[in-house]
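In this text, residue positions in the sequence shown follow the UniProt record's numbering: the first is 1, and each later residue adds one.
Following: one structure in C-alpha coordinates, then a few remarks.
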Amino acid sequence: DADHAHTRALAPAHFVCFAHDGAARSHSARLDSSAKSVHNVMARPLTRDIAGMKWSHYFPEQCVLSALAYEARPDDVFIVSYPKCGTTWLQYLVYNIYSGGVPPRDREQFWDNTPFLEMRGAERSIGRTKPGAIKTHLPFSRQPYNPQARYLYITRNPFDCCVSYYYHTKHLPGYCFGHGTFDEFFELFVTGDLEYGDYFDHVLSWYPHRADPNVLFLTYEELKKDTAAAVAKIAAFLGDEYKDRLHREPGLVGRILEAAALNNMKKIFNSCDFAAKDEKNGPSGKDPASAAPKDLSVEELVRAPMTGEFVRKGAVGDWKAHMSPAQVQKLLERIRVKTAGSDVMDLWKDIDIPR
1 DADHAHTRAL
11 APAHFVCFAH
21 DGAARSHSAR
31 LDSSAKSVHN
41 VMARPLTRDI
51 AGMKWSHYFP
61 EQCVLSALAY
71 EARPDDVFIV
81 SYPKCGTTWL
91 QYLVYNIYSG
101 GVPPRDREQF
111 WDNTPFLEMR
121 GAERSIGRTK
131 PGAIKTHLPF
141 SRQPYNPQAR
151 YLYITRNPFD
161 CCVSYYYHTK
171 HLPGYCFGHG
181 TFDEFFELFV
191 TGDLEYGDYF
201 DHVLSWYPHR
211 ADPNVLFLTY
221 EELKKDTAAA
231 VAKIAAFLGD
241 EYKDRLHREP
251 GLVGRILEAA
261 ALNNMKKIFN
271 SCDFAAKDEK
281 NGPSGKDPAS
291 AAPKDLSVEE
301 LVRAPMTGEF
311 VRKGAVGDWK
321 AHMSPAQVQK
331 LLERIRVKTA
341 GSDVMDLWKD
351 IDIPR
(Lines of atoms letter the chains of each structure in order from A and count residues from 1; the text may use other names and numbers.)
(Lines give C-alpha, C1' and ligand atoms only; values in the text may rest on other atoms or scores of the structure.)
Protein backbone atom coordinates (compact mmCIF):
# COMPACT_ATOMS: atom_id res chain seq x y z
CA ASP A 1 0.00 0.00 0.00
CA ALA A 2 1.59 3.27 1.10
CA ASP A 3 5.11 3.19 2.45
CA HIS A 4 6.98 2.27 -0.74
CA ALA A 5 10.62 3.28 -0.58
CA HIS A 6 14.01 1.85 -1.53
CA THR A 7 14.11 -1.85 -2.39
CA ARG A 8 16.31 -4.56 -3.78
CA ALA A 9 15.88 -5.01 -7.53
CA LEU A 10 15.76 -8.46 -9.09
CA ALA A 11 14.95 -7.98 -12.75
CA PRO A 12 14.29 -10.63 -15.40
CA ALA A 13 16.40 -10.64 -18.56
CA HIS A 14 15.09 -9.11 -21.79
CA PHE A 15 12.36 -7.10 -20.02
CA VAL A 16 11.33 -3.65 -21.19
CA CYS A 17 10.00 -1.44 -18.42
CA PHE A 18 7.92 1.58 -19.36
CA ALA A 19 8.63 4.13 -16.67
CA HIS A 20 6.32 6.79 -15.31
CA ASP A 21 7.67 9.38 -17.76
CA GLY A 22 6.87 7.15 -20.73
CA ALA A 23 10.50 6.24 -21.41
CA ALA A 24 11.41 2.64 -22.18
CA ARG A 25 14.03 1.26 -19.78
CA SER A 26 15.89 -1.97 -20.53
CA HIS A 27 17.08 -4.52 -17.97
CA SER A 28 19.18 -6.33 -20.53
CA ALA A 29 21.93 -5.33 -22.91
CA ARG A 30 20.05 -7.17 -25.65
CA LEU A 31 16.43 -6.70 -26.66
CA ASP A 32 14.93 -9.36 -28.87
CA SER A 33 11.73 -7.51 -29.66
CA SER A 34 10.90 -4.12 -31.08
CA ALA A 35 8.86 -1.50 -29.26
CA LYS A 36 6.00 -2.23 -31.62
CA SER A 37 5.95 -5.93 -30.76
CA VAL A 38 6.13 -5.11 -27.05
CA HIS A 39 3.02 -2.98 -27.36
CA ASN A 40 1.23 -5.95 -28.94
CA VAL A 41 1.75 -7.97 -25.76
CA MET A 42 -0.61 -7.39 -22.84
CA ALA A 43 1.06 -5.20 -20.23
CA ARG A 44 1.37 -6.58 -16.73
CA PRO A 45 2.90 -5.20 -13.53
CA LEU A 46 6.50 -6.20 -12.86
CA THR A 47 6.71 -8.83 -10.11
CA ARG A 48 8.93 -11.72 -9.11
CA ASP A 49 8.34 -14.87 -7.07
CA ILE A 50 9.30 -15.07 -3.40
CA ALA A 51 8.13 -18.02 -1.33
CA GLY A 52 5.45 -18.95 -3.86
CA MET A 53 3.83 -15.50 -4.07
CA LYS A 54 4.09 -12.60 -6.52
CA TRP A 55 5.91 -9.55 -5.16
CA SER A 56 6.82 -6.23 -6.71
CA HIS A 57 10.26 -4.71 -6.24
CA TYR A 58 8.87 -2.47 -3.53
CA PHE A 59 9.18 -5.48 -1.22
CA PRO A 60 12.77 -6.39 -0.24
CA GLU A 61 13.19 -10.15 -0.34
CA GLN A 62 14.65 -10.36 3.17
CA CYS A 63 11.71 -8.35 4.54
CA VAL A 64 9.19 -10.63 2.84
CA LEU A 65 10.88 -13.75 4.18
CA SER A 66 11.11 -12.34 7.70
CA ALA A 67 7.44 -11.31 7.53
CA LEU A 68 6.33 -14.80 6.53
CA ALA A 69 8.42 -16.25 9.37
CA TYR A 70 7.25 -13.69 11.94
CA GLU A 71 5.82 -15.20 15.12
CA ALA A 72 2.86 -13.12 16.24
CA ARG A 73 2.94 -12.00 19.87
CA PRO A 74 -0.03 -12.01 22.23
CA ASP A 75 -0.12 -8.20 22.37
CA ASP A 76 0.17 -7.68 18.60
CA VAL A 77 -2.56 -5.86 16.70
CA PHE A 78 -2.73 -6.48 12.94
CA ILE A 79 -4.55 -4.53 10.25
CA VAL A 80 -5.09 -6.87 7.29
CA SER A 81 -6.64 -6.58 3.84
CA TYR A 82 -6.26 -7.38 0.19
CA PRO A 83 -4.60 -4.35 -1.46
CA LYS A 84 -6.69 -1.24 -2.03
CA CYS A 85 -9.57 -2.18 0.25
CA GLY A 86 -9.21 0.68 2.74
CA THR A 87 -6.11 -0.41 4.62
CA THR A 88 -4.53 3.04 4.91
CA TRP A 89 -7.77 4.63 6.08
CA LEU A 90 -8.22 1.94 8.74
CA GLN A 91 -4.56 2.34 9.78
CA TYR A 92 -5.12 6.06 10.13
CA LEU A 93 -8.25 5.62 12.22
CA VAL A 94 -6.45 3.17 14.51
CA TYR A 95 -3.48 5.53 14.79
CA ASN A 96 -5.74 8.37 15.89
CA ILE A 97 -7.68 6.20 18.33
CA TYR A 98 -4.37 5.28 19.94
CA SER A 99 -3.10 8.89 19.91
CA GLY A 100 -6.26 10.48 21.24
CA GLY A 101 -7.00 12.27 18.00
CA VAL A 102 -3.53 13.76 17.54
CA PRO A 103 -2.55 13.08 13.91
CA PRO A 104 1.00 12.11 12.93
CA ARG A 105 3.32 14.98 12.06
CA ASP A 106 4.40 13.20 8.88
CA ARG A 107 4.48 9.85 7.09
CA GLU A 108 7.60 8.71 8.92
CA GLN A 109 5.92 8.94 12.32
CA PHE A 110 2.90 7.11 10.93
CA TRP A 111 5.01 4.26 9.48
CA ASP A 112 6.97 3.92 12.71
CA ASN A 113 3.71 3.35 14.55
CA THR A 114 1.94 1.18 11.94
CA PRO A 115 4.67 -0.54 9.91
CA PHE A 116 3.96 -2.64 6.82
CA LEU A 117 5.27 -6.08 7.84
CA GLU A 118 6.09 -7.43 4.37
CA MET A 119 7.80 -4.19 3.33
CA ARG A 120 9.63 -3.24 6.51
CA GLY A 121 10.36 -6.69 7.87
CA ALA A 122 9.89 -8.35 11.24
CA GLU A 123 12.60 -6.42 13.07
CA ARG A 124 11.12 -3.03 12.25
CA SER A 125 7.64 -4.26 13.13
CA ILE A 126 8.74 -5.57 16.50
CA GLY A 127 10.43 -2.23 17.19
CA ARG A 128 7.41 -0.11 16.23
CA THR A 129 6.27 2.77 18.41
CA LYS A 130 3.58 1.45 20.76
CA PRO A 131 0.70 1.35 21.07
CA GLY A 132 0.61 0.62 17.38
CA ALA A 133 -0.65 -1.88 14.83
CA ILE A 134 1.12 -3.91 12.14
CA LYS A 135 -0.19 -3.78 8.59
CA THR A 136 -0.20 -6.82 6.31
CA HIS A 137 -1.85 -7.85 3.04
CA LEU A 138 -1.50 -11.56 3.73
CA PRO A 139 -4.19 -14.21 3.28
CA PHE A 140 -5.10 -16.09 6.43
CA SER A 141 -2.94 -19.09 5.52
CA ARG A 142 0.21 -16.91 5.40
CA GLN A 143 -0.70 -14.47 8.17
CA PRO A 144 1.36 -14.65 11.39
CA TYR A 145 -1.22 -15.83 13.88
CA ASN A 146 -1.57 -15.90 17.65
CA PRO A 147 -4.95 -16.62 19.25
CA GLN A 148 -4.35 -13.80 21.73
CA ALA A 149 -3.37 -11.22 19.11
CA ARG A 150 -6.01 -8.93 17.59
CA TYR A 151 -6.80 -8.80 13.86
CA LEU A 152 -8.74 -6.04 12.11
CA TYR A 153 -9.64 -7.22 8.61
CA ILE A 154 -11.13 -4.82 6.07
CA THR A 155 -12.50 -5.69 2.64
CA ARG A 156 -14.16 -3.79 -0.18
CA ASN A 157 -16.54 -4.75 -2.96
CA PRO A 158 -14.58 -6.32 -5.84
CA PHE A 159 -15.77 -3.81 -8.44
CA ASP A 160 -14.30 -0.79 -6.66
CA CYS A 161 -11.27 -2.72 -5.42
CA CYS A 162 -10.34 -3.55 -9.00
CA VAL A 163 -10.47 0.10 -10.08
CA SER A 164 -8.50 1.37 -7.09
CA TYR A 165 -5.85 -1.34 -7.48
CA TYR A 166 -5.47 -0.40 -11.15
CA TYR A 167 -4.62 3.22 -10.35
CA HIS A 168 -2.29 2.20 -7.53
CA THR A 169 -0.34 -0.08 -9.86
CA LYS A 170 -0.34 2.39 -12.75
CA HIS A 171 0.95 5.33 -10.70
CA LEU A 172 3.77 3.60 -8.81
CA PRO A 173 6.72 3.53 -11.24
CA GLY A 174 8.28 0.38 -9.79
CA TYR A 175 5.42 -1.71 -11.19
CA CYS A 176 6.44 -0.61 -14.71
CA PHE A 177 2.75 -0.41 -15.61
CA GLY A 178 2.57 3.25 -16.58
CA HIS A 179 1.43 2.32 -20.11
CA GLY A 180 -0.96 -0.33 -18.87
CA THR A 181 -4.67 0.11 -19.55
CA PHE A 182 -7.62 -0.62 -17.32
CA ASP A 183 -8.73 -3.34 -19.75
CA GLU A 184 -5.38 -5.09 -19.31
CA PHE A 185 -5.45 -4.76 -15.54
CA PHE A 186 -9.04 -6.00 -15.38
CA GLU A 187 -8.05 -9.27 -17.05
CA LEU A 188 -5.33 -9.79 -14.44
CA PHE A 189 -7.71 -8.97 -11.58
CA VAL A 190 -10.48 -11.25 -12.80
CA THR A 191 -8.04 -14.17 -13.09
CA GLY A 192 -6.24 -13.44 -9.82
CA ASP A 193 -2.91 -12.97 -11.59
CA LEU A 194 -1.66 -10.08 -9.43
CA GLU A 195 0.55 -9.30 -6.48
CA TYR A 196 -1.04 -10.94 -3.40
CA GLY A 197 -2.96 -13.25 -5.68
CA ASP A 198 -6.69 -13.59 -6.15
CA TYR A 199 -9.04 -11.11 -4.45
CA PHE A 200 -11.68 -13.75 -3.78
CA ASP A 201 -9.23 -16.28 -2.36
CA HIS A 202 -7.97 -13.60 0.03
CA VAL A 203 -11.38 -12.48 1.27
CA LEU A 204 -12.66 -16.05 1.52
CA SER A 205 -9.62 -17.04 3.59
CA TRP A 206 -10.60 -14.51 6.27
CA TYR A 207 -14.39 -14.58 5.98
CA PRO A 208 -14.87 -17.80 8.03
CA HIS A 209 -13.04 -16.07 10.91
CA ARG A 210 -15.30 -13.01 10.97
CA ALA A 211 -16.94 -14.12 14.23
CA ASP A 212 -13.71 -15.13 15.97
CA PRO A 213 -13.32 -13.17 19.23
CA ASN A 214 -9.91 -11.84 18.18
CA VAL A 215 -11.05 -10.72 14.70
CA LEU A 216 -12.92 -7.54 13.79
CA PHE A 217 -14.23 -7.93 10.24
CA LEU A 218 -15.06 -4.64 8.52
CA THR A 219 -15.99 -3.37 5.08
CA TYR A 220 -14.83 -0.18 3.44
CA GLU A 221 -18.44 0.65 2.66
CA GLU A 222 -19.50 0.41 6.30
CA LEU A 223 -16.71 2.82 7.25
CA LYS A 224 -17.93 5.24 4.57
CA LYS A 225 -21.57 4.97 5.65
CA ASP A 226 -21.02 5.71 9.35
CA THR A 227 -17.41 6.41 10.24
CA ALA A 228 -18.25 7.51 13.78
CA ALA A 229 -19.96 4.19 14.53
CA ALA A 230 -16.99 2.35 13.03
CA VAL A 231 -14.58 4.32 15.25
CA ALA A 232 -16.57 3.29 18.32
CA LYS A 233 -16.53 -0.35 17.21
CA ILE A 234 -12.79 -0.28 16.52
CA ALA A 235 -11.99 1.42 19.84
CA ALA A 236 -13.99 -1.20 21.75
CA PHE A 237 -12.14 -3.96 19.91
CA LEU A 238 -8.76 -2.43 20.75
CA GLY A 239 -9.58 -2.48 24.45
CA ASP A 240 -11.60 -0.92 27.27
CA GLU A 241 -9.01 1.84 27.66
CA TYR A 242 -9.84 3.21 24.22
CA LYS A 243 -13.58 2.59 24.45
CA ASP A 244 -13.76 4.39 27.79
CA ARG A 245 -11.71 7.30 26.50
CA LEU A 246 -14.25 7.91 23.73
CA HIS A 247 -16.96 8.18 26.39
CA ARG A 248 -14.90 10.41 28.69
CA GLU A 249 -13.89 12.88 25.98
CA PRO A 250 -16.94 14.05 24.02
CA GLY A 251 -14.88 15.77 21.33
CA LEU A 252 -12.54 12.86 20.68
CA VAL A 253 -14.60 11.17 17.97
CA GLY A 254 -14.83 14.47 16.12
CA ARG A 255 -11.05 14.96 16.29
CA ILE A 256 -10.47 11.44 14.97
CA LEU A 257 -12.91 11.98 12.11
CA GLU A 258 -11.34 15.31 11.22
CA ALA A 259 -7.83 13.85 11.24
CA ALA A 260 -8.92 10.96 9.01
CA ALA A 261 -10.87 13.11 6.55
CA LEU A 262 -9.82 12.50 2.94
CA ASN A 263 -8.29 15.95 2.38
CA ASN A 264 -6.25 15.76 5.58
CA MET A 265 -4.95 12.29 4.73
CA LYS A 266 -3.97 13.54 1.28
CA LYS A 267 -1.72 16.16 2.91
CA ILE A 268 0.23 13.35 4.59
CA PHE A 269 0.36 10.79 1.78
CA ASN A 270 0.12 12.59 -1.56
CA SER A 271 3.18 14.84 -1.60
CA CYS A 272 5.17 14.63 -4.82
CA ASP A 273 8.32 13.34 -3.11
CA PHE A 274 6.46 10.31 -1.79
CA ALA A 275 9.29 7.79 -2.06
CA ALA A 276 12.17 10.16 -1.46
CA LYS A 277 11.13 11.20 2.06
CA ASP A 278 10.08 7.82 3.36
CA GLU A 279 12.43 5.98 5.65
CA LYS A 280 14.55 3.18 4.27
CA ASN A 281 13.14 -0.29 4.58
CA GLY A 282 14.79 -3.36 5.91
CA PRO A 283 16.37 -4.53 9.16
CA SER A 284 17.75 -1.71 11.31
CA GLY A 285 17.00 0.81 8.58
CA LYS A 286 19.56 -0.65 6.18
CA ASP A 287 18.67 0.00 2.57
CA PRO A 288 18.18 -3.34 0.77
CA ALA A 289 18.64 -1.62 -2.58
CA SER A 290 22.25 -0.82 -1.72
CA ALA A 291 23.22 -4.39 -2.55
CA ALA A 292 21.46 -4.36 -5.93
CA PRO A 293 23.44 -4.00 -9.17
CA LYS A 294 23.58 -0.33 -10.08
CA ASP A 295 22.71 -0.93 -13.75
CA LEU A 296 19.21 -2.15 -12.95
CA SER A 297 16.79 0.66 -13.63
CA VAL A 298 14.07 -0.89 -11.45
CA GLU A 299 16.10 0.34 -8.48
CA GLU A 300 15.78 3.86 -9.82
CA LEU A 301 12.08 3.45 -10.50
CA VAL A 302 11.14 2.29 -7.01
CA ARG A 303 12.81 5.45 -5.70
CA ALA A 304 10.76 7.63 -8.03
CA PRO A 305 7.68 9.51 -6.76
CA MET A 306 4.17 8.43 -7.64
CA THR A 307 2.70 9.92 -10.79
CA GLY A 308 -0.77 10.18 -9.23
CA GLU A 309 -2.34 10.30 -5.79
CA PHE A 310 -1.91 7.47 -3.30
CA VAL A 311 -5.05 8.54 -1.46
CA ARG A 312 -7.25 9.09 -4.50
CA LYS A 313 -11.07 9.34 -4.36
CA GLY A 314 -12.21 7.21 -1.46
CA ALA A 315 -15.45 6.71 -3.37
CA VAL A 316 -18.01 3.92 -3.48
CA GLY A 317 -19.22 3.19 -7.01
CA ASP A 318 -16.21 4.40 -9.03
CA TRP A 319 -16.40 1.14 -11.01
CA LYS A 320 -19.32 2.61 -12.97
CA ALA A 321 -16.97 5.02 -14.73
CA HIS A 322 -14.53 2.28 -15.73
CA MET A 323 -16.16 -1.08 -16.43
CA SER A 324 -17.90 -1.95 -19.66
CA PRO A 325 -21.08 -4.06 -19.59
CA ALA A 326 -19.02 -7.03 -20.82
CA GLN A 327 -16.52 -6.57 -17.99
CA VAL A 328 -19.31 -6.36 -15.44
CA GLN A 329 -20.71 -9.66 -16.71
CA LYS A 330 -17.27 -11.26 -16.67
CA LEU A 331 -16.66 -10.21 -13.07
CA LEU A 332 -20.14 -11.41 -12.08
CA GLU A 333 -19.33 -14.82 -13.53
CA ARG A 334 -16.06 -14.86 -11.60
CA ILE A 335 -17.99 -14.01 -8.43
CA ARG A 336 -20.46 -16.81 -9.11
CA VAL A 337 -17.69 -19.38 -9.53
CA LYS A 338 -15.41 -18.25 -6.70
CA THR A 339 -18.10 -17.66 -4.06
CA ALA A 340 -20.30 -20.69 -4.75
CA GLY A 341 -21.54 -22.01 -1.42
CA SER A 342 -20.63 -18.81 0.44
CA ASP A 343 -22.72 -15.82 1.46
CA VAL A 344 -19.71 -13.49 1.40
CA MET A 345 -21.28 -11.19 -1.20
CA ASP A 346 -24.04 -10.41 1.31
CA LEU A 347 -21.48 -8.06 2.84
CA TRP A 348 -22.57 -5.66 0.08
CA LYS A 349 -26.27 -6.47 -0.15
CA ASP A 350 -27.17 -2.87 0.73
CA ILE A 351 -24.98 -1.10 -1.82
CA ASP A 352 -25.40 -0.53 -5.54
CA ILE A 353 -23.27 -3.17 -7.24
CA PRO A 354 -24.25 -5.57 -10.03
CA ARG A 355 -25.96 -8.81 -8.97
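Note that the Cβ used here is the ideal one computed from N, Cα and C, for glycine as well.
As the structure is a computational prediction, the values presented were derived from the model and not from experiment.
- Within the stretch 172 to 221, the runs of beta strand (DSSP E) that reach at least 3 residues and sit entirely inside it are, in chain order, 215 to 219.
- Beta bridge pairing from DSSP links Phe116 with Lys135.
- Setting aside the 5 residues that flank it on each side, Arg128 is surrounded in the same chain by Asp112, Asn113, Thr114, Pro115, Ile134, each with a C-beta closer than 8 Å to its C-beta; the list follows chain order.
- For Val77, the enclosing beta strand (DSSP E) starts and ends at 77 to 80.
- The beta-carbon separation of Glu187 and Lys54, rounded to 15 Å, does not stay under the 8 Å limit for a contact.
- Burial state of Pro208 is exposed, judged by a 10 Å Cβ sphere holding fewer than 16 other Cβ atoms.
- Here Cys85 has Ile154, Thr155, Arg156, Cys161, Tyr220 as same chain residues with Cβ atoms under 7 Å from its own Cβ, once five neighbours each way along the sequence are excluded.
- In the structure shown, the three-state DSSP call for Arg150 is strand.
- Non-local beta-carbon contacts of His168 in its own chain, meaning distances under 6 Å to residues more than five positions away in sequence, involve Lys84 in chain order.
- Rounded to the nearest angstrom, the Cβ distance from Ser56 to Leu68 is 16 Å, too far for a contact under 8 Å.
- Taken through DSSP and simplified to helix, strand or coil, Arg128 comes out as coil.
- Around the beta-carbon of His247, fewer than 16 other beta-carbon atoms lie within 10 Å, marking it exposed.
- Taking a cut-off of 8 Å for Cβ pairs, the stretch 96 to 105 and the stretch 253 to 260 touch, as three or more such pairs fall below it.
- Note that the C-beta distance between Met345 and Ile335 is below 8 Å.
- In the DSSP assignment, Trp89 falls within the unbroken alpha helix (DSSP H) covering 87 to 99.
- Annotation for Gln148: Pro74 place their beta carbon closer than 6 Å to its own, counting only its chain and skipping 5 residues before and after.
- Contact annotation, Leu218 with Ser342: C-beta distance approximately 18 Å; criterion of less than 8 Å not satisfied.
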